[in-house]
Structure formats: structure tokens, C-alpha cells
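Using the working numbering, you'd call the opening residue of the sequence shown number 125 and step up by one each time.
Only one structure is covered here, and it is reproduced in the block below.
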Amino acid sequence: MAGHERWILPEQGTYKCNVDAVIFKEQNRFGACMCIRGHRGNFIRAQTMWNYGNPLPHEAEAWSLKAAISWLRDLSFSSIAIELDCKLVVDGII
125 MAGHERWILP EQGTYKCNVD AVIFKEQNRF GACMCIRGHR GNFIRAQTMW
175 NYGNPLPHEA EAWSLKAAIS WLRDLSFSSI AIELDCKLVV DGII
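Structure follows, in C-alpha cells:
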């Protein structure tokens, strides 16, 4: 599959949280989708969060990352990797 990467399991004893943003311009809304999986790829928990506005895609992705970090902190998860698909946001952090 050109242009697609396979999802890689997190290391044993750890978790991975995949984060993505969605924008609904016509409804003036955007949101975050988050999914936590264990080291066997098993589903642990998922969450969606919504906000109003029409941000640029990278702004929605950054908002989604911030929402995910807050959610994970509230759940008291440790040893968790966060994965997202917006290079602009990732490069802005590292």
C-alpha cells in the first residue's frame, strides 16, 4: 500500500494512543478522536471531544493532541505513546 504505514504495536507493558482530528466546516465544528490500545493491539478505551469553529487542519490536530494529553492525564495512564499523523504538529513539538 503506497503512502500507508502499518500500525506498530507498542512495547509490552505499554500503551499507544492514536489521535486524529476531524473538521466539519458546514457545521462550524471540529473534534478529536482518540483510541488507546494495549501491547497486543487490544482495544482499551476511546474518546471523542468537540469544539466550535473552522480551524486550519494543523490547528485542529494540535487541539486534538492537547485534548488527548488532558484526557490521558485524567485517566492516570503512564507508559503511553501518543501517535498522530500531522507532521507539522509533531515537528513543532520536537
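Ideal placement from N, C-alpha and C gives every residue a C-beta, glycine not left out.
### Message
Which residues does DSSP list as the beta-bridge partners of PHE154?
### Response
PHE154 pairs with ILE147, ASN175.
### Three-pair Cβ contact test at 8 angstroms for the segment 194–204 versus the segment 174–184
No, they do not touch.
### Message
Can you give me the C-alpha to C-alpha distance between CYS157 and GLN136, rounded to a whole angstrom?
### Response
Here the alpha carbons of GLN136 and CYS157 stand approximately 24 angstroms from one another.
### Query
Can you name the start and end residues of the beta strand (DSSP E) that LEU208 belongs to?
Element bounds for LEU208: 204–208.
### Message
Tell me which residues share the same chain as ASN142 and place their Cβ nearer than 6 angstroms to its Cβ, disregarding the 5 neighbours each side in the sequence.
### Response
Excluding sequence neighbours, ASN142 sits near CYS159, GLU207.
### Query
Can you tell me where the alpha helix (DSSP H) with ILE217 in it begins and where it stops?
First-last of the alpha helix (DSSP H) with ILE217: 211–217.
### Task
Take the Cβ of ILE218 as the centre, count every other Cβ of all protein chains shown within 10 Å, and call the residue buried at 16 or more, exposed below.
Answer is exposed; the Cβ neighbour count stays below 16.
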